[in-house]
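*Asks:*
Number of protein chains: 2
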Amino acid sequence: MVLTFKSPVRPPREVSMTRVTLRDVAAHAGVSHQTVSNVMNGHPSIRPATRDRVLAAIQALDYHPNQAAKALREARVTTLCCAFYGHDAENVDDPYRNVVQSAFIAEANVHGYSMTTAFVQDGPESFDSLRQRYRQGQFGGVVVVGNTLNAAQWQALQGWGLPAVLFDHRLPDSAALSVSSDYTSGMHALVAHHAAQGRRHLALIIPLQDAASTAVDRREAFRAAAAQHGLQAHLIAGDWSYASGEAALHTLWRGGNSPDAVLGGNDRMAAGALRAALELGLRVPGQVAISGFDNFEFSRYTHPSLTTVNVPHAEMARRAVRALLARLEQHQTPPNVVLPASLVIRESA
Amino acid sequence: MVLTFKSPVRPPREVSMTRVTLRDVAAHAGVSHQTVSNVMNGHPSIRPATRDRVLAAIQALDYHPNQAAKALREARVTTLCCAFYGHDAENVDDPYRNVVQSAFIAEANVHGYSMTTAFVQDGPESFDSLRQRYRQGQFGGVVVVGNTLNAAQWQALQGWGLPAVLFDHRLPDSAALSVSSDYTSGMHALVAHHAAQGRRHLALIIPLQDAASTAVDRREAFRAAAAQHGLQAHLIAGDWSYASGEAALHTLWRGGNSPDAVLGGNDRMAAGALRAALELGLRVPGQVAISGFDNFEFSRYTHPSLTTVNVPHAEMARRAVRALLARLEQHQTPPNVVLPASLVIRESA
DNA sequence: ATGAAAGCGCTAACAA
DNA sequence: TTGTTAGCGCTTTCAT
Numbered sequence: 001m002v003l004t005f006k007s008p009v010r011p012p013r014e015v016s017m018t019r020v021t022l023r024d025v026a027a028h029a030g031v032s033h034q035t036v037s038n039v040m041n042g043h044p045s046i047r048p049a050t051r052d053r054v055l056a057a058i059q060a061l062d063y064h065p066n067q068a069a070k071a072l073r074e075a076r077v078t079t080l081c082c083a084f085y086g087h088d089a090e091n092v093d094d095p096y097r098n099v100v101q102s103a104f105i106a107e108a109n110v111h112g113y114s115m116t117t118a119f120v121q122d123g124p125e126s127f128d129s130l131r132q133r134y135r136q137g138q139f140g141g142v143v144v145v146g147n148t149l150n151a152a153q154w155q156a157l158q159g160w161g162l163p164a165v166l167f168d169h170r171l172p173d174s175a176a177l178s179v180s181s182d183y184t185s186g187m188h189a190l191v192a193h194h195a196a197q198g199r200r201h202l203a204l205i206i207p208l209q210d211a212a213s214t215a216v217d218r219r220e221a222f223r224a225a226a227a228q229h230g231l232q233a234h235l236i237a238g239d240w241s242y243a244s245g246e247a248a249l250h251t252l253w254r255g256g257n258s259p260d261a262v263l264g265g266n267d268r269m270a271a272g273a274l275r276a277a278l279e280l281g282l283r284v285p286g287q288v289a290i291s292g293f294d295n296f297e298f299s300r301y302t303h304p305s306l307t308t309v310n311v312p313h314a315e316m317a318r319r320a321v322r323a324l325l326a327r328l329e330q331h332q333t334p335p336n337v338v339l340p341a342s343l344v345i346r347e348s349a
Numbered sequence: 001m002v003l004t005f006k007s008p009v010r011p012p013r014e015v016s017m018t019r020v021t022l023r024d025v026a027a028h029a030g031v032s033h034q035t036v037s038n039v040m041n042g043h044p045s046i047r048p049a050t051r052d053r054v055l056a057a058i059q060a061l062d063y064h065p066n067q068a069a070k071a072l073r074e075a076r077v078t079t080l081c082c083a084f085y086g087h088d089a090e091n092v093d094d095p096y097r098n099v100v101q102s103a104f105i106a107e108a109n110v111h112g113y114s115m116t117t118a119f120v121q122d123g124p125e126s127f128d129s130l131r132q133r134y135r136q137g138q139f140g141g142v143v144v145v146g147n148t149l150n151a152a153q154w155q156a157l158q159g160w161g162l163p164a165v166l167f168d169h170r171l172p173d174s175a176a177l178s179v180s181s182d183y184t185s186g187m188h189a190l191v192a193h194h195a196a197q198g199r200r201h202l203a204l205i206i207p208l209q210d211a212a213s214t215a216v217d218r219r220e221a222f223r224a225a226a227a228q229h230g231l232q233a234h235l236i237a238g239d240w241s242y243a244s245g246e247a248a249l250h251t252l253w254r255g256g257n258s259p260d261a262v263l264g265g266n267d268r269m270a271a272g273a274l275r276a277a278l279e280l281g282l283r284v285p286g287q288v289a290i291s292g293f294d295n296f297e298f299s300r301y302t303h304p305s306l307t308t309v310n311v312p313h314a315e316m317a318r319r320a321v322r323a324l325l326a327r328l329e330q331h332q333t334p335p336n337v338v339l340p341a342s343l344v345i346r347e348s349a
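Going line by line, the protein sequences match chains V and U.
As numbered in the UniProt record's numbering, residues 1 to 349 make up the first sequence, in order.
As numbered in the UniProt record's numbering, residues 1 to 349 make up the second sequence, in order.
#1: Spell out whether any CB of chain U is found under 9 Å from the CB atom of E329/V.
#2: Under the DSSP definition of a beta bridge, which residues are partnered with H234/V?
#3: Measure the beta-carbon distance from P285/V to P312/V and round it to whole angstroms, keeping in mind my assumption that it falls under 8 Å.
#4: Which chain U residues sit within Cβ distance under 8 Å of G286/V?
#5: Starting from V54/U and walking both ways along the alpha helix (DSSP H), at which residues does that stretch end?
#6: Using a Cβ-Cβ distance cut-off of 9 Å, determine whether Q332/V contacts chain U.
#7: Can you tell me whether DSSP reads F84/U as helix, strand or coil?
#8: Please classify S291/U: does DSSP put it in a helix, a strand, or coil?
#9: Should L3/U go down as buried or exposed, given a rule of 16 or more other Cβ atoms within 10 Å for buried?
#10: Could you name the residues of the same chain whose beta carbon sits closer than 7 Å to that of A71/U, not counting the 5 residues immediately before and after it, in chain order?
#11: For R135/U, count the other beta carbons within 10 Å of its own beta carbon; 16 or more makes it buried, fewer makes it exposed. Which is it?
#12: Using 8 Å as the threshold, is the stretch 108-116 of chain V in touch with the stretch 73-88 of chain V, meaning 3 or more CB pairs across them?
#13: Could you tell me whether the Cβ atoms of A323/U and L177/U are closer together than 9 Å?
#14: On the three-pair Cβ rule with 8 Å, is the stretch 164-178 of chain V touching the stretch 135-152 of chain V?
#15: Would V309/V pass as a contact of G186/V if the rule is Cβ separation under 9 Å?
#16: Can you name the start and end residues of the beta strand (DSSP E) that F167/V belongs to?
#17: Could you tell me which residues DSSP puts in a beta bridge with N310/U?
#18: Going by DSSP, what residues sit across from D182/U in a beta bridge?
#19: Put S114/V into one of helix, strand or coil per three-state DSSP.
#20: For V92/U, return the contacting residues in chain V, with the cut-off set at a CB-CB distance below 9 Å.
#21: Answer yes or no: does any C-beta atom of chain V fall closer than 9 Å to that of D62/U?
#22: In the DSSP assignment, find the beta strand (DSSP E) that holds V144/U and state where it starts and stops.
#23: Cβ closer than 8 Å: which chain V residues qualify as neighbours of N66/U?
#24: Excluding the five sequence neighbours on either side, which residues of its own chain have a C-beta within less than 7 Å of the C-beta of R275/V, listed in chain order?
#25: Under 9 Å between the Cβ atoms of A314/V and H194/V?
#26: Once you ignore the five residues that flank E107/V on each side, which residues in its own chain have a CB closer than 6 Å to its CB?
#27: With distances taken Cα to Cα, identify the nearest neighbour of A233/V among L166/V, G30/V, V262/V.
#28: Going straight from the alpha carbon of Q132/U to that of E125/U, what length do you get?
#29: Would you identify the three-state DSSP class for L249/U, choosing helix, strand or coil?
#30: With a 10 Å radius around its C-beta and 16 neighbouring C-beta atoms as the bar for buried, classify N266/V as buried or exposed.
#31: Compute the beta-carbon to beta-carbon distance between A277/U and L249/U, rounded to the nearest angstrom, for a pair I have assumed lies under 8 Å.
#32: Could you tell me whether any Cβ in chain U is nearer than 9 Å to the Cβ of A349/V?
#33: Whose CA, out of T251/U, I105/U, N38/U, E90/U, lies closest to the CA of A118/V?
#34: Quick check on V99/U: does DSSP put it in helix, strand or coil?
#35: Which residues of chain V have a Cβ atom closer than 7 Å to the Cβ of F298/U, listed in chain order?
#36: Less than 6 Å between C-beta atoms, sequence neighbours within five positions excluded: which residues of the same chain meet that for H201/V?
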């Protein structure tokens with residue numbers, strides 16, 4: 001275990017700010033500081049006259065209660081954390097992270113909390129820095145994003161006493177409080193749509209080894225749904241990137257026996273496959289249908305626009321924050337949340 | 001990577017965390033609590049033996065200094081704020097906000113600060129809530145995003161004593177410390193490229209009334225550059241949205257005298273225009289060139305991919321944070337930053 | 001080199 | 001109903 005005794009960066013210097021305190025207000029209103037505190041916190045049993053005098057003083061002095069003092073005294077923080085596990089902070093373009101992070105922040109703000117962000121790299125040292133920040137009182141609970149988190153790591157979080165919610169990921173036996181989306185149903189609806197359009201041979205571009213539930217669910221549902229509809233099903237490797245989608249389509253067409261529908265495991269790979277197909281002169285969806293998965297904004301901008309499966313990322317994020325707050329504020333364990341993932345039919349399939 | 005997670009030094013217990021304080025460590029090490037404080041802060045003049053004993057106690061008790069107490073005592077705060085002025089918190093898909101916000105957060109974290117986010121609506125009430133949060137000690141400085149901020153509002157921020165940096169926006173006479181990008185040069189390069197490709201009649205889709213420097217710079221540079229190259233130049237209204245780009249192209253082609261190059265004022269409008277052009281059966285770039293502005297990730301995903309102007313949003317964001325920290329920590333006023341915006345030639349123009 | 005005292009701004013508990 | 005006292009955990013100042 002590595003403890004940081006000295007901050008690696010230079011500590012901020014003092015910022016000059018005229019601080020108006022409870023006592024200043026009290027003096028101005030001719031009451032004790034406790035009375036001011038009571039007024040601030042809406043305590044009962046304050047004479048209206050006193051109350052008015054205090055409020056006037058607060059106005060006059062432009063008083064604002066110091067949050068650090070409050071936090072220290074009440075031993076609680078109004079900050080949450082979203083921890084991106086295994087994500088790269090530098091990869092600023094990733095729409096998944098951006099959408100989800102923005103929604104976390106907005107929802108936390110709605111409830112009067114602020115949201116800080118941590119990027120946790122693969123490795124115990126980085127994982128431990130999350131614990132340090134928690135123990136230092138930098139946040140009171142965490143939403144963990146990162147579908148490679150395993151049961152042992154979840155247990156570690158629990159061991160720290162850190163209230164946590166797992167986002168877009170499930171653990172076996174519902175070991176963790178989680179908010180996820182029903183990729184299985186989404187994939188079934190998508191395959192059914194391809195079948196209804198007369199497609200007979202489907203290929204899914206997706207990481208083949210990835211053990212994350214986001215990948216596993218899609219792979220297994222794809223196979224099951226294809227079997228159910230009596231369709232030929234084919235998996236081909238991709239790594240979630242645009243380029244891997246392009247490459248996969250070229251690979252598919254290099255060998256004979258090309259599919260008549262290509263399913264991108266996410267929108268980016270679908271966009272790559274779409275581009276590759278158009279480059280080959282294929283008519284989409286005439287000769288080959290192409291579909292995505294995620295429904296990020298850009299899936300409307302391709303030509304043809306992408307048929308895809310909507311994953312309600314923002315709503316999931318909001319639910320995750322609410323679940324965390326339920327644990328934190330009401331000390332209750334809310335049920336796991338699974339939101340539907342629904343088919344969005346556009347032009348490409 | 002398989003990791004073993006050490007169980008916490010103290011066994012898992014109730015969610016209520018008993019805090020280990022300086023005094024606990026002091027007692028364990030048989031010294032006074034200030035000695036522990038001195039060790040923590042790397043003070044000189046500590047006997048190695050004492051120091052080791054203290055470190056051992058810190059390890060043994062898993063001590064982490066309380067940030068709230070530190071902040072209270074030192075009257076400083078290690079949180080910054082990025083304030084999105086006139087942005088909608090609900091609009092979670094906006095790549096501009098997402099990219100910029102992510103970069104702010106990442107850069108702040110690099111320097112040991114956390115970053116909170118505020119959405120400031122148009123109106124004095126919302127603007128004042130920013131001041132409240134500052135006065136409550138929720139953050140020590142702000143990066144203001146929102147190119148409708150005027151000089152009076154900037155002056156208000158200054159009046160509060162709130163250290164601020166203006167992002168992607170300039171005020172007349174360099175009234176504000178700002179970080180922006182050279183849209184003028186970017187637009188000149190783009191127009192020169194269109195001219196070099198033999199285009200003679202250019203149309204720019206852009207808000208016609210918008211007084212923000214982001215819009216004004218692009219409009220004026222477009223006119224100047226087109227004149228310089230002896231090109232026919234034409235402005236047509238758009239509101240930065242995908243749909244408005246589509247509509248603008250249809251409008252252009254409904255009247256006769258269609259341009260041979262359409263410049264989207266941003267990538268989204270360009271994508272909309274591109275789609276509309278393809279719908280009309282136009283060959284791009286054969287019959288009409290289409291270009292964007294921003295170089296967001298999806299501009300690589302269209303077919304043909306978008307020629308555009310790269311705006312270094314993430315780098316701008318990093319610079320803004322660093323400029324703010326220079327003000328905060330070194331009490332110096334760094335110079336305004338203007339980063340280059342460079343042409344990215346792809347397939348569409 | 002180390003310890004004691006004071007107090008940052010706030011709230012909880014009790015006293016008046 | 002209001003005021004007084006006592007800290008929350010930390011750092012600064014000053015004494016030892």
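The beta carbon of each residue, even a glycine, is placed where N, CA and C say it ideally should be.
Please read these numbers as outputs of a predicted model, since none were measured by experiment.
*Replies:* Looking at the atomic coordinates:
#1: As a first step, residue 329/V is located in the first sequence; it is residue number 329 there, counting from the start. It does not; no Cβ of chain U falls within 9 Å.
#2: In the first sequence, residue 234/V corresponds to position 234, counting from 1. Note: H234/V sits in a beta bridge opposite A203/V.
#3: Position 285 of the first sequence holds residue 285/V. Position 312 of the first sequence holds residue 312/V. Not confirmed; about 25 Å, so no contact.
#4: For the purposes of this step, residue 286/V is taken as the residue at position 286 of the first sequence. In chain order: nothing, as chain U lies at least about 15 Å away.
#5: The count along the second sequence starts at 1 and reaches residue 54/U at position 54. 48-61 is the extent of the alpha helix (DSSP H) around V54/U.
#6: Residue 332/V sits at position 332 when you count from the first residue of the first sequence. Taking Cβ atoms only, chain U never reaches closer than 9 Å to Q332/V, which makes this a no.
#7: As a working mapping, residue 84/U is identified with position 84 in the second sequence. Strand at F84/U.
#8: Here residue 291/U corresponds to residue number 291 of the second sequence, with the count starting at 1. Reduced to three states, the DSSP call for S291/U is strand.
#9: Along the second sequence, read from residue 1 onward, the residue named residue 3/U stands at position 3. Bear in mind that the predicted position of L3/U carries a pLDDT of just 30, short of 50, making it too unreliable to give a figure here.
#10: Here residue 71/U corresponds to residue number 71 of the second sequence, with the count starting at 1. Answer for A71/U: V77, listed in chain order.
#11: Within the second sequence, residue 135/U is the residue found at index 135, counting from 1. With 16 or more other Cβ atoms within 10 Å, it is buried.
#12: yes
#13: Here residue 323/U corresponds to residue number 323 of the second sequence, with the count starting at 1. Here residue 177/U corresponds to residue number 177 of the second sequence, with the count starting at 1. In this structure, L177/U lies closer than 9 Å to A323/U by Cβ.
#14: yes
#15: Taking the first sequence and counting its residues from 1, one reaches residue 309/V at position 309. Taking the first sequence and counting its residues from 1, one reaches residue 186/V at position 186. In this structure, G186/V lies closer than 9 Å to V309/V by Cβ.
#16: Counting from one through the first sequence, the residue named residue 167/V turns up at place 167. Run containing F167/V: 164-167, per the beta strand (DSSP E) assignment.
#17: If you number the second sequence from 1, residue 310/U lands on position 310. Looking at the DSSP assignment, N310/U forms a beta bridge with D294/U, S342/U.
#18: Here residue 182/U refers to the residue found at position 182 when the second sequence is read from its first residue. Its beta-bridge partners are P340/U.
#19: Your numbering for residue 114/V matches position 114 in the first sequence. It is a strand residue.
#20: In the second sequence, residue 92/U corresponds to position 92, counting from 1. Ordered by position in chain V, the residues that pass the 9 Å Cβ test against V92/U are N98, V99, V100, S102, A103, A106, H313, A314, A317.
#21: Working through the second sequence from its first residue, we reach residue 62/U at position 62. For D62/U, the answer is yes, since a Cβ of chain V falls inside 9 Å of its Cβ.
#22: Position 144 of the second sequence, counted from the start, is the residue given in the question as residue 144/U. Unbroken beta strand (DSSP E) run through V144/U: 142-145.
#23: To locate residue 66/U, count along the second sequence from 1; it is residue 66. Ordered by position in chain V, the residues that pass the 8 Å Cβ test against N66/U are L72, Q136, G137.
#24: Position 275 of the first sequence, counted from the first residue, corresponds to residue 275/V. Within the same chain, R275/V has close Cβ partners E246.
#25: As a position in the first sequence, residue 314/V is number 314, starting the count at 1. As a position in the first sequence, residue 194/V is number 194, starting the count at 1. The answer is no: Cβ separation not under 9 Å.
#26: For the purposes of this step, residue 107/V is identified with residue 107 of the first sequence, where counting begins at 1. Here the set comprises R318, V321.
#27: Position 233 of the first sequence holds residue 233/V. Looking at the Cα atoms, V262/V is the closest of the given residues.
#28: Walking along the second sequence from the start, residue 132/U turns up at place 132. Walking along the second sequence from the start, residue 125/U turns up at place 125. Taking the straight line joining both Cα atoms gives about 11 Å.
#29: Sequence index remark: in the second sequence, residue 249/U carries index 249 (1-based). Correct three-state label for L249/U: helix.
#30: Position 266 of the first sequence, counted from the first residue, corresponds to residue 266/V. So N266/V ends up on the buried side.
#31: As a first step, residue 277/U is located in the second sequence; it is residue number 277 there, counting from the start. As a first step, residue 249/U is located in the second sequence; it is residue number 249 there, counting from the start. Sure, about 6 Å apart at Cβ, within 8 Å.
#32: What you label residue 349/V is simply residue 349 of the first sequence in a count that begins at 1. Cβ-Cβ to chain U under 9 Å: no for A349/V.
#33: If you number the first sequence from 1, residue 118/V lands on position 118. Checking every option, the nearest Cα to that of A118/V belongs to I105/U.
#34: In the second sequence, residue 99/U corresponds to position 99, counting from 1. Three-state result, V99/U: helix.
#35: Taking the first residue of the second sequence as 1, we reach residue 298/U at position 298. In chain order: F298, Y301.
#36: Counted from its first residue, the first sequence places residue 201/V at position 201. Taken in chain order, the residues that qualify are Q232, P259, D260.
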